[in-house]
Amino acid sequence: MIELTDDQLKRAEQLLKHLPGALPKAVANAINRASESARAEAVRKASEEYVIRPGRVRETIDIAKASPAILFARVRSKGRPRALTYFQTTPKQVPKKRPRGQLVAQVKRSEGGGSIKSAFLARMKSGHLGVFNRTNNLTSTGKVELVQRYGPSVPQMLENPTIQQFVEQKAMETLEKRFDHELDRLLKG
14 MIELTDDQLK RAEQLLKHLP GALPKAVANA INRASESARA EAVRKASEEY
64 VIRPGRVRET IDIAKASPAI LFARVRSKGR PRALTYFQTT PKQVPKKRPR
114 GQLVAQVKRS EGGGSIKSAF LARMKSGHLG VFNRTNNLTS TGKVELVQRY
164 GPSVPQMLEN PTIQQFVEQK AMETLEKRFD HELDRLLKG
């Protein structure tokens with residue numbers, strides 16, 4: 014959580030005492046810019062740490078913006094665990110013949126890809142491409158049951174302590190910078 018200090022708010026109140034209602038607007042604008050910055054940094058850092066496209070991270074993040082009446086913003090990520098095909102897998106497409114080697118998947122950039130025993134790539138009737146394993150169970154139609162393999166969800170990626178600390182630090186820097194900018198803008202009028 015990032016917030017302005019009491020000293021910053023008291024100083025701003027002294028500077029803007031001749032402009033009624035200006036302080037909440039300045040704070041709300043600074044908070045909103047900091048929340049936009051937090052989202053951008055979260056997307057960038059998650060894409061650096063994990064083998065996932067930035068757009069796939071950005072689509073899970075929403076921002077509840079601040080207003081002069083509500084001086085609070087929330088940056089939240091919602092999502093389910095992602096199929097392994099959202100990350101890097103080899104092979105990338107369903108092979109025509111059964112491959113000799115095992116399927117390899119890489120989720121984090123810092124770790125090499127790991128082979129997944131007995132896993133294979135398959136395209137479902139819906140068109141979904143996924144990494145699957147067969148189980149010992151049978152379906153109601155008598156076929157062998159398939160279980161899809163998943164990687165982490167985007168919220169789990171963003172809970173990574175290194176990503177969280179980085180995003181909070183950048184958001185705090187942006188909040189302080191933008192708050193000073195808003196004060197200057199209002200004083201110069």
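One point on numbering: in our numbering, the residue at position 127 of the sequence shown is 140, and numbering is uninterrupted. Beta carbons: idealized from backbone N, C-alpha and C, even for Gly.
Give every residue of the same chain whose Cβ lies closer than 7 Å to the Cβ of residue i, excluding the five residues on either side of it in the sequence, and list them in chain order.
i, result
"S166", "G92, R93, P94, R95"
"F133", "L116, F145"
"A35", "L29, L199"
Measuring only the C-alpha atoms, how far is residue i from residue j?
i, j, result
"I65", "P112", "25 Å"
"A51", "E172", "14 Å"
"L196", "A86", "19 Å"
"P33", "V180", "33 Å"
"H31", "K23", "14 Å"
"K58", "N150", "40 Å"
"S203", "R162", "As displayed, the chain neither begins before 14 nor continues past 202, which places residue 203 out of reach and without an answer."
"Q177", "E124", "20 Å"
"A54", "D75", "Ala is not the amino acid found at residue 54; the sequence shown has Glu there. For E54 and D75, the distance between alpha carbons rounds to 14 Å."
"R136", "S153", "21 Å"
"E26", "D19", "10 Å"
"I15", "P67", "24 Å"
"K110", "I44", "55 Å"
"I83", "Q182", "23 Å"
"T103", "K201", "58 Å"
Do residue i and residue j have their C-beta atoms within less than 9 Å of each other?
i, j, result
"F192", "L17", "yes"
"F138", "Y63", "According to the sequence provided, residue 138 is Lys. The question's Phe does not apply to it. Going by C-beta atoms, K138 is not nearer than 9 Å to Y63."
"T243", "L142", "Any question about residue 243 goes unanswered here, given that the chain covers just 14 to 202."
"A77", "V40", "no"
"G126", "Q106", "no"
"S48", "A184", "yes"
"A118", "G155", "no"
"Q21", "E186", "no"
"L159", "T148", "yes"
"S128", "G114", "yes"
"V56", "R71", "yes"
Keeping to the same chain, check which residues put their C-beta closer than 6 Å to that of residue i; ignore five residues upstream and five downstream.
i, result
"K38", "P81"
"N42", "E195"
"M170", "A59, Y63"
"V3", "For the chain, the structure presents residues 14 to 202; residue 3 sits outside this window and is missing."
Within a Cβ cutoff of 8 Å, which residues of the same chain sit near residue i, ignoring the five residues on either side of it in sequence?
i, result
"P168", "T73, S90, K91, G92"
"E61", "R122"
What alpha helix (DSSP H) runs, 4 residues minimum, are completely inside the segment 132 to 172? 167 to 171
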